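**Q**
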Amino acid sequence: MIEKKEKESTGNQSLIRGLTLLELLAQFPNGCPLAHLAELSGLNKSTVHRLLQGLLQEGYVRPAPTSGSYRLTTKCLAIGQRALSSINILHIAAPHLEALNLKLGETVNFAMREKDHAILINKLEATTGLMRTRAYIGQQLQLYCSGMGKLFLAYNSVDYIPQYWQAKSSIIQPLTINTITTIEGMKKELETIRERGFAMDDEENELGVSCIACPIFDHQQHVHYAVSVSLSTARLNQLGRENLLPAIQETAEKISAELGG
């Protein structure tokens, strides 16, 4: 029994050391010398060499062009991609969205970016009051006049904004007196959003309805999803944005963390 436990302990130690080498090699795309790996890992050269031979045999590393150096193979990338594809965003987000809905009692929205639109993929109705927004699951939301949409604009490349504005010139129109319909006005708005870290829909899509939206970051710090809370402007003024924002930000941060953001 003791001998079995010792073997298990040795096996676990070798596994952990091998994973450590993979993480170190990930920092050197052009390869890293064995001696430097030994220095960084705190292991002796013979141990590093033995571990590398095992990783080489299984196809996780290969010799780099520089003699005595090693680099990762695409096998690690393939595993990472499979792990990412197995993530069901709604499964991840649902408990956090439900907690936010329960805590604030207001309408909670969850959207994903799809080309030049935001798609509402989840919505939890308010548990307090009688207000119901017109938004529905599966609805395409224009980016220029919604809180979550403006987040997708704000966290995109600088070149994208004029391209979007030109492509949507026939669609961009004032839905209310507060809708931003000039590219200069939108650039200023997006700068404010990036500085604050959240977006507001100040009755830009529907009179009497306001929205607070926060971005969700993935492992590459890209924003493909967003969460928002919608409520009547009168109720927002009554409750105060400062009292609602922390819970929305916390929800976005928790979902981001599960996506590696």
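Under the UniProt record's numbering, the first residue of the sequence shown is numbered 1, with each subsequent residue one higher.
Ideal Cβ positions, reconstructed from N, Cα and C, are used throughout, including at glycine.
A quick note: this is a predicted structure, and the numbers were derived from the prediction, not measured.
Check whether the Cβ of Asn101 lies closer than 8 Å to any heavy atom of the ligand GDP, and answer yes or no.
**A** This structure does not include the ligand GDP; it has no bound ligands of any sort.
**Q** Counting only the same chain and skipping the five closest in sequence on each side, list residues whose C-beta sits under 6 Å from that of Pro33.
**A** Start at 1 with the first residue of the sequence shown, and residue 33 comes out as number 33. The residues are Gly68, Ser69.
**Q** For the structure I just gave you, are there three or more beta carbon pairs, one from the segment 125-135 and one from the segment 168-175, closer than 8 Å?
**A** no
**Q** Assign Val229 to buried or exposed, taking buried as 16 or more other Cβ atoms, counted over all protein chains shown, within 10 Å of its Cβ.
**A** Position 229 of the sequence shown holds residue 229. Buried.
**Q** Looking at Leu231 and Ala126, is the spacing between their C-beta atoms short of 9 Å?
**A** Reading the sequence shown from its first residue, position 126 is the one you call residue 126. Reading the sequence shown from its first residue, position 231 is the one you call residue 231. Cβ distance < 9 Å, so Ala126 and Leu231 count as in contact.
**Q** Enumerate in chain order the residues of its own chain whose CB-to-CB distance from Val48 is below 8 Å, with the five nearest sequence positions on each side excluded.
**A** Position 48 of the sequence shown, counting from 1, holds the residue named residue 48. The answer, listed in chain order, is Leu21, Leu34, Leu37, Ala38, Ser41.
**Q** According to DSSP, what are the bridge partners of Pro63?
**A** Your numbering for residue 63 matches position 63 in the sequence shown. DSSP output for Pro63 lists Tyr70 as bridge partner(s).
**Q** Looking at the secondary structure, which residues open and close the alpha helix (DSSP H) in which Leu51 lies?
**A** Taking the sequence shown and counting its residues from 1, one reaches residue 51 at position 51. Element bounds for Leu51: 45-57.
**Q** Mind listing, in chain order, the continuous beta strand (DSSP E) runs of no fewer than 3 residues lying wholly within the segment 74-155?
**A** The segment 74-155 contains, as complete beta strand (DSSP E) runs of 3+ residues, the segments 107-114, 117-124, 140-142 (chain order).
**Q** Tell me, which residues are paired with Ile216 by DSSP?
**A** In the sequence shown, residue 216 corresponds to position 216, counting from 1. The partner list for Ile216 (beta bridge, DSSP) reads Tyr225.
**Q** Alpha carbons only, please: which of Leu43, Gln140, Arg194, Met200 is nearest the one belonging to Ile180?
**A** Within the sequence shown, numbered from 1, the residue matching residue 180 stands at position 180. Selection Leu43, Gln140, Arg194, Met200 evaluated against Ile180 yields Met200 as nearest (Cα-Cα).
**Q** Starting from Ala26, follow the alpha helix (DSSP H) in both directions and report where the run begins and ends.
**A** Reading the sequence shown from its first residue, position 26 is the one you call residue 26. Note, Ala26: premise wrong, no alpha helix (DSSP H); not H, not E.
**Q** Should Val158 go down as buried or exposed, given a rule of 16 or more other Cβ atoms within 10 Å for buried?
**A** The residue you call residue 158 lines up with position 158 of the sequence shown. The residue is exposed, with fewer than 16 neighbouring Cβ atoms inside 10 Å.
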